[in-house]
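Structure, as structure tokens:
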Amino acid sequence: MGRKKGDGKGRLGGRTKGTPNRISGTVKEWIQKVIDDNRQKFEDDLDDLEPGERVRVISNLLQYVTPKMQSVSPEELLEAEYQKLTELLDAAPDEVVNEIVERIKRLTNDRRRETTKD
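When you read off a place in the sequence shown, starting at 1, and then add 350, the result is the number in this note's numbering.
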């Protein structure tokens with residue numbers, strides 16, 4: 351029978367925790383060197399492209415330097431915000447929570463008065 355995770359005996363083989371993978375590190379360094387050594391040539395090649403093709407190439411490169419946006423439904427966004435608020439309120443001292451509740455009540459009452467004036 352195999353060892354159980356967390357048995358206190360440590361890892362059996364492979365890299366020790368925190369040791370980088372040499373091969374992927376070497377490949378990344380090589381790719382970085384190729385890019386650095388050919389940067390001017392790449393820019394010259396971009397200038398030689400038709401405007402539409404240049405826009406397409408630059409647009410394709412953007413995915414490597416900008417974070418990917420994920421589609422989030424309003425319900426998911428509201429649920430995430432509600433969860434954060436719940437965590438904050440759970441961690442806050444009772445006095446702070448009570449003050450927040452009082453402020454919400456005052457704001458609600460003020461808005462009701464404003465809508466009844468109109």
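We put the beta carbon where it would ideally sit given N, CA and C, even for glycine.
Straight across, the Cα-Cα distance linking THR369 with TRP380 is about 19 Å.
In the DSSP annotation of this structure, the continuous segment of the alpha helix (DSSP H) that includes SER374 starts and ends at 372-387. Distance between PRO443 and THR436, taken at the CA atoms: about 13 Å. Under the DSSP assignment, PRO424 falls in the alpha helix (DSSP H) whose first and last residues are 424-441. VAL415 and GLN433 have their alpha carbons spaced roughly 30 Å apart. Residue range 401-412 is occupied by the alpha helix (DSSP H) that includes GLY402. According to the DSSP assignment, THR465 belongs to the alpha helix (DSSP H) that extends over 444-467. Apart from sequence neighbours up to five positions away, the residues of its chain that approach LEU399 with a beta-carbon distance below 7 Å are VAL407, ordered along the chain. Only residues of its own chain outside the window of five on either side were considered, and among them LEU396 have a CB closer than 6 Å to the CB of ARG404, listed in chain order.
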